[in-house]
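Structure first, then comments.
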Amino acid sequence: MLHSPLLRQSLAAARRPEFRFLWLANSLANFARWFELIVLTWMVLGLTGSPWQLAVIGFWRNIPLLPIGPFGGLLGDLFDRRQLVIATQLAAGVVSLAIAALLLAGALTYEHLIATSIVLGLIAAIDWPCRRVLIIDTVPREEVVNAAALDSVSTMASRVFGPLLGGTLLALLGASGCYVVLAVAYTAAGLAAIGLRPVPPHGRATLHRAARDLGEGVHYALRQPMIYAMLIATFLSNLLPLPFLQFLPVFARDVLQLDPVRYGTLGSAVGVGALVSATGLATTAQRWRPELAFLTGALAMGASLIPFALTSSYGIALLCLLAFGFGQGLYASLQAPVILLRVDPALRGRLMGLLICAIGMWPVGMLLMGALIDRLGAPLAVVASAGTYVVLLAAIGAYVRRLREREDRLAAAPAVREGDRRPLVR
């Protein structure tokens with residue numbers, strides 16, 4: 001069984017020691033991210049009682065991705081990505097420990113949470129593009145989709161255990177104990193990254209011509225229709241459906257009337273669904289058309305939120321979030337590969353920065369959804385957001401299908417002029 005072809009294919013990237021170190025570092029960092037989301041949002045809702053304040057704290061936690069994300073990708077092209085990941089994870093551990101100290105002293109205020117959220121957001125804006133590109137750096141091209149799927153399996157597993165453990169420890173240890181756990185997780189992630197080999201800078205990027213180098217990345221993306229279609233899909237995903245996760249405690253407390261433990265279970269349902277799809281992708285990566293699978297997952301996210309928002313049944317809500325997670329597992333696993341596999345290696349960091357910039361629409365979406373919730377209530381706000389998203393994404397899906405059909409026709413042609421198509425980077 002251990003030597004079956006299916007298992008060897010599923011664990012191809014995991015045979016490489018360097019990827020295993022990266023996988024461990026990413027697993028710990030992702031666990032910390034989802035653990036923090038459960039603890040922070042419940043704590044803010046308890047402090048303020050306001051969905052709008054949830055939106056504000058989420059905005060400040062994630063808005064640095066929008067302006068800083070491209071520069072984080074550029075830094076990854078300029079410096080050793082391994083060292084950047086180590087430094088950012090250790091810094092996040094220090095910030096988490098500071099929050100724990102303020103909680104233990106009884107001195108923590110909402111303003112402290114805003115300030116530390118901004119700092120953690122700045123750290124993430126540098127860390128995320130570097131960690132994502134390191135997947136490409138640690139495996140050969142033919143194993144990239146498998147490596148991304150295995151990384152996504154750990155991400156989705158963290159989405160199961162992060163919220164579940166977050167809700168449980170919140171009830172047992174309180175918020176201060178949870179932030180000590182966070183500090184340990186971030187520190188361990190930084191230490192795991194020490195096992196990676198140094199990654200020398202790629203290309204000709206320099207700090208003094210940063211604007212020009214970033215512009216080069218934007219220009220490259222605009223000349224590649226499939227790449228900018230994927231970027232627009234990511235932009236819309238983070239603007240419309242994904243911000244609802246910030247408001248999950250509103251549904252848990254006010255609509256479904258749950259305690260912290262069942263709230264954590266509700267949050268972990270997303271991770272269970274995502275873990276199933278990411279694991280399936282890891283075992284069947286060669287059979288998928290990455291762009292179409294990415295969009296199918298994204299469409300499932302939006303469609304599943306509509307019945308979730310309209311139900312008051314805990315069981316139905318769990319099923320809807322399982323479906324949401326299943327879609328997100330496909331979406332998140334393929335989000336980076338659908339772009340990076342088409343990019344010149346010297347531009348990968350900058351294109352990853354653009355992707356992080358699109359992800360940075362999440363905090364803007366939080367403010368939008370927070371305003372809609374204040375005006376319409378949580379259920380109608382989520383239905384309006386998810387419905388709009390499904391319509392727009394269906395249009396992008398039709399466009400991408402035409403692009404793929406054109407690429408297939410060109411690939412099958414007996415003779416194609418060199419300038420007629422841009423093949424994937426080899």
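For the record, in the sequence shown the residue sitting at position 372 is 372 according to the numbering used here, with numbers rising by one throughout. Backbone N, C-alpha and C define an ideal beta-carbon position, used for all residues, glycine too. A quick note: this is a predicted structure, and the numbers were derived from the prediction, not measured.
Residue from the options whose Cα sits closest to the Cα of residue i
i: Thr279; options: Leu45, Ile114, Ser152, Phe19; result: Ser152
i: Glu407; options: Gln224, Asp127, Leu150, Pro51; result: Gln224
i: Pro307; options: Ala323, Ile114, Glu111, Thr48; result: Ala323
i: Phe21; options: Met361, Arg253, Ala147, Arg289; result: Ala147
i: Leu45; options: Arg61, Arg141, Asp254, Leu97; result: Asp254
i: Asp374; options: Leu28, Ala55, Ile38, Thr41; result: Ala55
i: Ile359; options: Leu191, Leu239, Gly58; result: Leu239
i: Ala171; options: Ile38, Ala185, Arg342; result: Ile38
i: Val261; options: Phe161, Gly349, Glu143; result: Phe161
i: Arg348; options: Ser333, Ser154, Gly217; result: Gly217
i: Val180; options: Gly72, Ala100, Gly215, Pro163; result: Ala100
i: Pro345; options: Thr283, Val382, Val133, Val119; result: Val133
i: Ala274; options: Leu368, Tyr228, Ser154; result: Ser154
i: Pro163; options: Asp259, Ala269, Leu318; result: Ala269
i: Glu405; options: Arg61, Ala384, Arg289, Thr187; result: Arg289
i: Leu305; options: Gly121, Ala98, Ile63, Pro241; result: Pro241
i: Ala189; options: Trp362, Leu24, Leu368; result: Leu24
i: Val145; options: Met156, Leu103, Leu97, Ala332; result: Ala332
Rounded straight-line distance, which links the Cα of residue j to that of residue i
i: Ala221; j: Leu351; result: 7 Å
i: Met366; j: Leu380; result: 15 Å
i: Arg16; j: Leu150; result: 12 Å
i: Gln246; j: Leu281; result: 27 Å
i: Gly166; j: Val276; result: 21 Å
i: Ser50; j: Leu266; result: 20 Å
i: Pro423; j: Ala412; result: Legend: pLDDT at Pro423 = 45, less than 50; position of this residue unreliable, value from coordinates given subsequently. About 13 Å.
i: Ala175; j: Leu292; result: 41 Å
i: Val416; j: Arg409; result: The pLDDT assigned to Val416 is 46, lower than 50, so where the model puts this residue is not dependable; a value taken from the coordinates is nonetheless given after this. Their backbone Cα atoms lie some 10 Å apart in a straight line.
i: Ala14; j: Thr138; result: 10 Å
i: Pro129; j: Val95; result: 20 Å
i: Met43; j: Gln53; result: 11 Å
i: Gly85; j: Leu196; result: Per the sequence presented here, residue 85 reads as Val, with Gly not at that position. Looking at the two C-alpha atoms, the distance is approximately 10 Å.
i: Ala124; j: Leu65; result: 7 Å
i: Ile135; j: Leu372; result: 38 Å
i: Ile356; j: Pro243; result: 15 Å
i: Asn26; j: Ile396; result: 30 Å
i: Phe19; j: Ser158; result: 18 Å
i: Phe79; j: Pro200; result: 7 Å
i: Glu418; j: Leu113; result: Interpretation of Glu418 is limited by its pLDDT of 47, a score under 50 that renders its predicted location unreliable; no figure is taken from the coordinates.
i: Gly93; j: Leu256; result: 34 Å
i: Phe59; j: Phe251; result: 19 Å
i: Ile429; j: Leu354; result: Outside the displayed range of the chain (1 to 426) lies residue 429, so it cannot be described from this structure.
i: Gln83; j: Pro198; result: 8 Å
i: Arg131; j: Thr388; result: 32 Å
i: Gly302; j: Ala386; result: 5 Å
i: Leu6; j: Thr283; result: Only weak support is given to the placement of Leu6: the predicted model assigns it a pLDDT of 48, under 50, and the question is left unresolved by the model.
i: Met1; j: Leu258; result: Legend: pLDDT at Met1 = 44, less than 50; position of this residue unreliable, value from coordinates given subsequently. Using only the alpha carbons, I get a separation of about 43 Å.
i: Gly271; j: Leu191; result: 25 Å
i: Ile227; j: Gly325; result: 24 Å
i: Leu330; j: Met230; result: 14 Å
i: Arg81; j: Gly72; result: 10 Å
i: Val364; j: Gly121; result: 14 Å
i: Leu182; j: Leu318; result: 26 Å
i: Trp362; j: Leu403; result: 27 Å
i: Ile57; j: Met369; result: 13 Å
i: Cys178; j: Leu169; result: 6 Å
i: Leu472; j: Leu104; result: No answer is possible for residue 472: the residues shown for the chain start at 1 and end at 426.
i: Tyr263; j: Leu40; result: 13 Å
Assigned exposure category for residue i - 16 Cβ within 10 Å defines buried
i: Asp127; result: buried
i: Gln328; result: buried
i: Thr109; result: exposed
i: Ala398; result: exposed
i: Gly106; result: exposed
i: Asp77; result: buried
i: Gln335; result: buried
i: Gln89; result: buried
i: Leu236; result: buried
i: Leu74; result: buried
i: Leu248; result: buried
i: Ala29; result: buried
i: Val391; result: exposed
i: Pro337; result: buried
i: Leu321; result: buried
i: Ala394; result: exposed
i: Arg342; result: buried
i: Ile194; result: exposed
i: Leu295; result: buried
i: Arg421; result: Residue placement at Arg421 is flagged as unreliable, the pLDDT there being 47, under the threshold of 50; the coordinate-derived value follows with that caveat. With fewer than 16 other Cβ atoms within 10 Å, it is exposed.
- Message: Whether or not the region 30-44 and the region 307-323 are in contact is what I'm after, with contact meaning three or more pairs of Cβ atoms, one per stretch, closer than 8 Å; do they touch?
- Response: no
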